[in-house]
Structure formats: structure tokens, C-alpha cells
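A.B. asks: Once you've had a glance at the structure underneath, I'll fire off some questions.
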Amino acid sequence: MANGKPTLHHLEDSQSQHALWLLEELGIEYELVVHKRVENRAPPSLRAAHPLGKAPTLVTPNGRVVTERSAIALWLIGAYDEGARFRLPPRESKGDGEGEDDVVREDQLLSLGAATLAPLLMVKLVLGLAVRQAPLPARPLVRAVRHGIDRAFLDAELAAVFGYLDSQLSCSSRDAAGAEGEGGAQKKDCEWFMGTPGPTRADFCLLWYVDWAMQWEWVDFDKYPRLRDFRARCTARPAWKRALEKGGGYNLKFWK
């Protein structure tokens with residue numbers, strides 16, 4: 005907390021890049037504390053902000069400590085998005101109490117990323133690092149185990165989840181039910197996950213998983229063109245580029 009501004013504790017080469025991106029999109033004044041990795045790990049200095057020592061960590065002007073990308077995005081948008089550029093529009097009911105592009109769908113996408121996709125990517129990372137760190141005589145065996153797990157489980161699961169996320173950037177996939185009486189839905193891709201004119205919390209958070217998989221080359225995103233184009237759209241925004249300049253690096257393959 006400093007001078008009535010939020011303070012972001014940011015770790016280089018990490019998912020906190022997305023919290024920094026949102027701060028730049030909001031165009032507000034904030035304090036940035038950049039933490040450097042120590043032997044590829046988060047440094048002890050981050051524990052001064054939060055006992056877990058993880059990034060991103062946001063300290064609000066009132067001294068509240070908020071962690072986790074989704075929660076930070078929720079707080080920042082609620083506190084500073086006065087023009088409602090990054091919020092969901094008012095829910096449009098279909099008359100039965102249900103709405104398509106609403107907070108429930110957004111939360112479903114966020115939960116899919118955190119509870120389903122992140123563990124798969126972490127296993128992929130751990131197995132890859134196990135091969136690199138294994139003693140040379142044991143490396144062929146460890147590599148064979150990794151390939152076996154990839155073929156039997158991981159690759160198919162990742163394909164299913166990324167395929168689903170790719171489909172969620174098709175507006176027609178969500179409008180089809182309402183268009184059945186009008187000759188079916190026209191094919192139309194959404195720029196953002198919630199079908200909004202600009203990014204929302206879902207976009208700020210889901211980009212991380214695409215970046216993670218793409219930088220490590222675990223997934224061929226030519227098979228998921230909507231996700232590929234979504235990432236290109238995000239990284240072309242001036243706010244993203246400013247965040248990169250301030251963040252100290254965004255190389256997710258820093259582990260050797």
C-alpha cells in the first residue's frame with residue numbers, strides 16, 4: 005500500500021503478468037514491486053507480502069491483501085472499472101431465469117482453467133523437468149515413462165480442454181439454440197470469451213493457460229485457431245505491451 009494506490013507484487017516470468025496487464029488496461033496509478041526469481045523459484049521477499057510467497061499479490065489502498073489472478077481481477081474491475089469496459093453487461097434473462105453470457109458462465113470458464121487445465125499443465129511440466137533432471141543413465145527410462153503418460157492420458161485430456169475453450173470463442177455455438185427456428189446459427193467467432201466488445205475477467209485469466217502451453221510447445225495451436233487468434237489479439241493490445249516492458253520478463257521456459 006502506498007499513497008492511496010494499489011500495490012502489485014509481481015514476479016518476473018510468471019502468471020502475475022496478467023494482473024499487470026489488467027492494471028495497465030484500467031489506466032490507474034499503482035505501485036509495482038518487481039521480484040526477481042532466485043534459482044528459478046519465487047524469492048523469500050514475496051513472503052513479506054503474503055505467507056504463501058506467491059505472485060501475483062495485490063495490496064489494496066486500505067491494506068487488504070488479495071491473491072490469485074481471478075480474485076485480483078475481480079477486485080480491480082469492481083474498484084476501478086468506472087466505465088464498465090471490462091465488466092459483464094447486465095444479465096439478459098430468457099424469461100425462465102436463465103441467461104447465457106452471465107456471471108455463472110464466466111465462473112465456469114474460470115473454474116475450468118484453475119481446476120481442470122492448470123493441473124494437467126503442471127503434470128506436463130513436472131514430467132518434462134523430471135526428464136531433464138534425471139541422471140544421464142536413467143534419462144531414457146524417465147523419458148519413456150513421460151511419453152507413456154502423455155499418450156495414455158495427458159495429450160488427449162489437453163486436446164479435449166483446449167478444444168472446448170476454442171469452441172467457447174464461437175458465438176454461434178452459444179446462439180445455436182436460439183436460432184434453430186431461424187434456419188440455424190451463422191458461423192461467427194467472438195473476439196472475447198464472454199462475447200463482449202472488450203476483454204473481461206475470463207480473458208485476463210484464461211490467457212495464462214494458452215501462454216503456458218504455447219511457450220512450452222505442448223499444444224499445436226494451429227488446431228485451435230480461435231485460441232491462437234485470441235492470444236494474438238491480447239498480446240497486440242498497447243496495455244499488454246506496456247505491461248511487458250514493466251514486468252521484467254515473460255519467459256515461461258526459464259527452467260533448465
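My numbering runs 4 ahead of the 1-based position in the sequence shown. Quick reminder that beta carbons are idealized off the backbone N, C-alpha and C, glycines included. This structure is a prediction, so every number in the text was calculated from the model and none was measured.
What is the C-beta distance between LEU211 and CYS238, in whole angstroms, given that I count them as a contact (C-beta under 8 Å)?
C.D. replies: Right, their Cβ atoms sit about 5 Å apart.
A.B. asks: Give me the Cα-Cα distance between LEU80 and ALA23, rounded to the nearest whole angstrom.
C.D. replies: Spanning the two alpha carbons is a distance of roughly 9 Å.
A.B. asks: Can you give the Cα-Cα distance for PRO47 and ARG41, rounded to whole angstroms?
C.D. replies: Rounded to the nearest angstrom, the two C-alpha atoms are 6 Å apart.
A.B. asks: What span of residues does the beta strand (DSSP E) with VAL223 cover, start to end?
C.D. replies: Note, VAL223: premise wrong, no beta strand (DSSP E); not H, not E.
A.B. asks: Along the beta strand (DSSP E) that carries LEU36, what are the first and last residues, could you check?
C.D. replies: Per DSSP, LEU36 belongs to the beta strand (DSSP E) from 35-39.
A.B. asks: Assuming LEU231 contacts LEU173 (C-beta within less than 8 Å), just tell me the rounded distance between them.
C.D. replies: LEU231 to LEU173, Cβ: 7 Å. Contact.
A.B. asks: Take every Cβ of the segment 53-72, pair it with every Cβ of the segment 13-33, and state whether three or more of those distances are shorter than 8 Å.
C.D. replies: Yes, the segment 53-72 touches the segment 13-33.
A.B. asks: Would you kindly work out how many angstroms separate the C-alpha atoms of PHE157 and PRO93, rounded to a whole number?
C.D. replies: Computed Cα separation, rounded: 39 Å.
A.B. asks: Cβ of LYS128 within 8 Å of Cβ of TRP222?
C.D. replies: A contact, by the Cβ cut-off of 8 Å.
A.B. asks: So what's LYS128 in DSSP terms, helix, strand or just coil?
C.D. replies: LYS128 falls in the helix class under three-state DSSP.
A.B. asks: Throw me the rounded Cβ distance for the LEU26 and ALA77 pair, which I believe falls under 8 Å.
C.D. replies: LEU26 to ALA77, Cβ: 6 Å. Contact.
A.B. asks: Do TYR213 and GLY87 have their C-beta atoms closer together than 8 Å?
C.D. replies: No; because the gap between Cβ atoms is not below 8 Å, this pair is not in contact.
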